[in-house]
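Here is the structure we will look at, set down as C-alpha cells.
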Amino acid sequence: MAFNNVIAFWPRPRGPTKSPHVLSSLWQLCLRAKEGSPIIDTDLSTHALPLRDEAGPVLRVFASSYSYLLFIQDEEELFHGNWPFSMDKVREIVLVLKHYLFAALDVRPTNGLAKTNTVGKLVQEEPQLLTEISHLLSRLYVHDSRRPFRTGDNFWVAGQGLLTSEAFISSAVEAWPDSKAKTSRSEFGYMGSERAASLQNLRKSPMSGAGELLRVTPYLVPFSSRAKIFQRWIAKGRDVANGGEQFFPGSRRSVSVRRKHIFQDAFEELNKISNLKATIRVKFIDEHGLEEAGIDGGGVFKEFMYEVLRWGFSPFSYGLFKATPDGHLFPNPDAPIANENFKVEFAFLGRLLGKAIFDGVLVDIPLARFFISKILGQFYYPSDLKSLDPELHKNMQFLKNCPPAVVEDLGLNFTVAINAYGSVKEVELVRNGKNISVTAENRIEYMHRVADFRMNKQIKEQTKAFLGGFSEIIAPQYIRLFSHEELQLLISGKTGKIDLDDLRRHTTYSGGYDENTTVIKWFWQAMAELDAEDQSKMLQFVTSSPRAPLLGFSYLDPGFCIHRAEGDVRLPTASTCMNLLKLPKYKSLEVVRQKLRYALHSNAGFDLS
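Just so you know, the sequence shown maps onto residues 1 to 609 in the UniProt record's numbering.
Below is the structure:
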C-alpha cells in the first residue's frame, strides 16, 4: 500500500521541467509501440496486442498503483488534470487492457465458435496480473459511468461481435449461474475485488471462459447480451418456483388488497407467502368493499406492484426512504427513530423490489447512486458522496485541495453533526474524535471517514435488512452483471417517448381490425402526437406498466393487441390481464384524439367504460 501511495501521488514537476508522471513512464515501458504511435481498437489476436512479452512485472505495478490513485481521484481531476494521463491516454489504456483481459480469459462458447488466442506468457509468469488489471479496468469503468469518457456505445465491449451471438449467450447461461460468488469484504476494499479474486484460480476453474468473463468483467459484454442472459436465468428460477402450477392455475398464490390501504394490506398478505418468486394473482377491493372487475392475468399484479412500491419508497408516506436534492432515493437515516419495525419493513421492500425485477415489472423508483452500489455489492467511492449530498461533497473537495494552512484555519475535528427530527447531535468518527484536529496530513482520512459515515454507517441496519430481503428473490451474483445505470434500467425502464415503430411491429389486431383499418391508422397518428408522459399513461392504461419492456415490445407477454369495441361513443377500455386495448370504431381522427386523452386522464381504473 505504501509503495502504491508513493507511485500514485508522484509529485508534479515544478519549473520548466517536462518530466512525466512515473505512471506514464511505467505504461510506456509496457508497450511495444513508440510513444505517440496510435493504438487502434480493431484486432484481438495476441500478436496485435501492443504489450511487450516481458511487460508482466511492470504492468502489474502500473495497474496496482494507477488503480489505487483512481480510488482517490474524482472525475474533475481525471478529466481536466491531465495528471498522470490525458483522456486520450486513458482511453488507450482501456483499449489495450480490455483486449488483453479478454484474450487471457479465453472465451470459448460451446457451439462451434472459434477459440480466442490466449496471452500465454504473461498469464503464466504473472498470475496476479489478471487481478490487478481487472481492478484497474473496474475503477476506470466506474469513473466512465459517472462521467463518460467513452467514445461510443461499444467502447467497453470486447470480442468483435462474438459476445452478441446466441452461442455465447447459451454458453454463459449454462456456465455461470450455479457458481457461488464470495461475499466476504473488507471495509475499504476494491470495487469488483470478489470478481477479480476468481482470476487467481482461473486456470483451475472448470467454468468456461463465457462464465468467467461475466463474473470478472461483465462490462466487456454488451448490455443486450447480459440482459438476455439475466432474463433466462430468471425464467429458470420462475419455472422452479411455480413447479407444476402452470397446469393448475387455481393453486397459484392470490391476495386481496384494498386500494385505500394498499401498502398495509400488501405487507400483511405477502408476508404470509413463503416463496415470493412464485406467480401471484391480485384482487383489488374498491372503496365500497367490492371486488373490482377483471381477472388477473398479470396486468392487475403489475399495477399492484407499481402502487405498493410507489407508496413504500415515497419520502412522504412511511418515512422509510429520503430523497437527495435531485430526487433520488436512499434509506432514511432517521427511520429507526420513528419506526420500531423498520427492519421488517425494509426487508419487505427489498423483497418487493426484487420481485419487481424478477417478474419484469417496471416501476418508477429512482435510487441514489451510492445506494445502488450497495445492491450491486460494490464498495463505496468517496466521490459517491456527491450523489447523496452535493454541498458536502463540494466542501470535502475544497478541504482536499486547499493549502495546509487553510486546513488548520477551518478548525475541524473528527466529528460530524447530524440532525434527527430537529435535534442536533455530534457523532465522533473515531474514538476521542472531538479531540483530534483535522490537519493537512490526516485530511484524506477525515474525508473518507465522513463519506463512510454518511453513506454506510448511518444507514447500516436499514441497508442490511433491505439487501437481505432483496437477495431472497435475486441472487447477488445475478444482479452484479450490471452497472448503476443498467440496474436503474432494470428497475424503471427507459424514459422518454415510446418506440412506436417497435410497438406497431409487435401489435396484433382482432374483432375485425387490421393494420390497414382507418381507425387503426388514426390511433397510431394520435399516439405519435402524444408527449412522452401521455404515451406512458397509455401504455400503463393497457399493460399496467408505464414503461416499455427493457428489450423491446417483442418481450411483452401477452403481446399488445387492439380489439374492436362496439359502438362509436364509448371511451376506449382495456383488459390489462391480456394487454388488450378495446377501441371503438370512431368516425374521425379528432374523435380518436379526444377519447384517448379523456381515457388517459380519467383515472377510473379497470371499470372505465
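Each residue gets a CB set at the ideal place from its N, CA and C atoms; glycine is no exception.
From residue i to residue j, what distance separates their C-alpha atoms?
{"i": "Phe223", "j": "Glu174", "result": "18 Å"}
{"i": "Arg597", "j": "Asp534", "result": "8 Å"}
{"i": "Pro558", "j": "Ala235", "result": "16 Å"}
{"i": "Arg593", "j": "Leu490", "result": "32 Å"}
{"i": "Pro572", "j": "Arg504", "result": "18 Å"}
{"i": "Asn419", "j": "Arg449", "result": "18 Å"}
{"i": "Arg480", "j": "Phe263", "result": "29 Å"}
{"i": "Leu26", "j": "Ser65", "result": "10 Å"}
{"i": "Gly312", "j": "Leu31", "result": "54 Å"}
{"i": "Leu581", "j": "Glu291", "result": "22 Å"}
{"i": "Asn4", "j": "Ala405", "result": "27 Å"}
{"i": "Cys577", "j": "Gly496", "result": "25 Å"}
{"i": "Glu269", "j": "Ile280", "result": "11 Å"}
{"i": "Thr131", "j": "Thr508", "result": "51 Å"}
{"i": "Ile169", "j": "Leu136", "result": "26 Å"}
{"i": "Gly327", "j": "Glu566", "result": "44 Å"}
{"i": "Gly56", "j": "Tyr68", "result": "18 Å"}
{"i": "Arg215", "j": "Ser171", "result": "13 Å"}
{"i": "Gly159", "j": "Ser575", "result": "44 Å"}
{"i": "Arg146", "j": "Arg259", "result": "39 Å"}
{"i": "Asp286", "j": "Ser256", "result": "11 Å"}
{"i": "Lys228", "j": "Glu486", "result": "13 Å"}
Around the C-beta of residue i, are 16 or more other C-beta atoms found within 10 angstroms, so that it is buried, or is it exposed?
{"i": "His80", "result": "exposed"}
{"i": "Asn332", "result": "buried"}
{"i": "His288", "result": "exposed"}
{"i": "Gly469", "result": "buried"}
{"i": "Ile337", "result": "exposed"}
{"i": "Lys115", "result": "Unreliable placement is indicated for Lys115, whose pLDDT of 39 sits below 50; the coordinate value is still reported in the next sentence. Result: exposed."}
{"i": "Glu529", "result": "exposed"}
{"i": "Lys374", "result": "buried"}
{"i": "Val61", "result": "buried"}
{"i": "Gly512", "result": "exposed"}
{"i": "Thr151", "result": "exposed"}
{"i": "Phe379", "result": "buried"}
{"i": "Asn579", "result": "buried"}
{"i": "Ala104", "result": "buried"}
{"i": "Gly493", "result": "buried"}
With which residues is residue i paired in a DSSP beta bridge?
{"i": "Asn419", "result": "Val424"}
{"i": "Leu581", "result": "Ile562 and Ala574"}
{"i": "Val257", "result": "Phe284"}
{"i": "residue 671", "result": "Beyond the ends of the chain as shown, which are 1 and 609, falls residue 671; an answer cannot be given."}
{"i": "Ser510", "result": "His563"}
{"i": "Glu291", "result": "Ile285"}
{"i": "Leu51", "result": "Leu31"}
Only counting the same chain, and skipping five residues up and downstream in sequence, which positions put a Cβ closer than 6 Å to that of residue i?
{"i": "Phe346", "result": "Gln462, Ala465 and Phe466"}
{"i": "Val361", "result": "Lys302 and Met305"}
{"i": "Leu399", "result": "Arg443"}
{"i": "Tyr219", "result": "Tyr141 and Trp156"}
{"i": "Ala440", "result": "Pro404 and Val407"}
Kindly list the residues whose CB is nearer than 8 Å to the CB of residue i, restricted to its own chain and excluding five residues on each side of it in sequence; keep chain order.
{"i": "Leu539", "result": "Ile498, Ser545, Pro546, Arg547 and Ala548"}
{"i": "Tyr586", "result": "Val519, Trp522, Asp568, Val592 and Lys595"}
{"i": "Met447", "result": "Pro382, Met396, Leu399 and Lys400"}
{"i": "Asn339", "result": "Tyr318, Gly319, Leu320 and Glu345"}
{"i": "Leu329", "result": "Phe313, Pro315, Phe321, Lys322, Ala323, Ile365, Pro366, Leu367, Ala368 and Phe371"}
Beta-carbon within less than 7 Å of residue i's beta-carbon, same chain only, minus the 5 sequence neighbours each way: which residues are those?
{"i": "Val22", "result": "Ile7 and Trp10"}
{"i": "Ala599", "result": "Phe541, Leu571, Pro572 and Leu608"}
{"i": "Asp334", "result": "Ala420 and Tyr421"}
{"i": "Ile133", "result": "Ala63, Leu97, Tyr100 and Leu101"}
{"i": "Phe230", "result": "Tyr478 and Leu481"}
{"i": "Thr415", "result": "Glu426, Val427, Glu428, Leu429, Gly433 and Lys434"}
Strictly under 8 Å for the Cβ-Cβ distance: is residue i near chain B by that measure?
{"i": "Val438", "result": "In the structure shown, chain B does not exist; there is a single protein chain."}
Taking 7 Å as the cut-off, is the CB of residue i close to at least one heavy atom of the ligand FMN?
{"i": "Ser437", "result": "The model on display carries no ligand, and the ligand FMN is accordingly not part of it."}
Which runs of the alpha helix (DSSP H) fall wholly inside the region 354-438 and span at least 4 residues, in chain order? 369-375, 385-388, 390-401 and 404-409
Inside the region 476-501 only - alpha helix (DSSP H) runs reaching at least 4 residues: 476-479 and 484-492
Which ranges would you report for the beta strand (DSSP E) in the region 516-551 if only whole runs of at least 3 residues count? none
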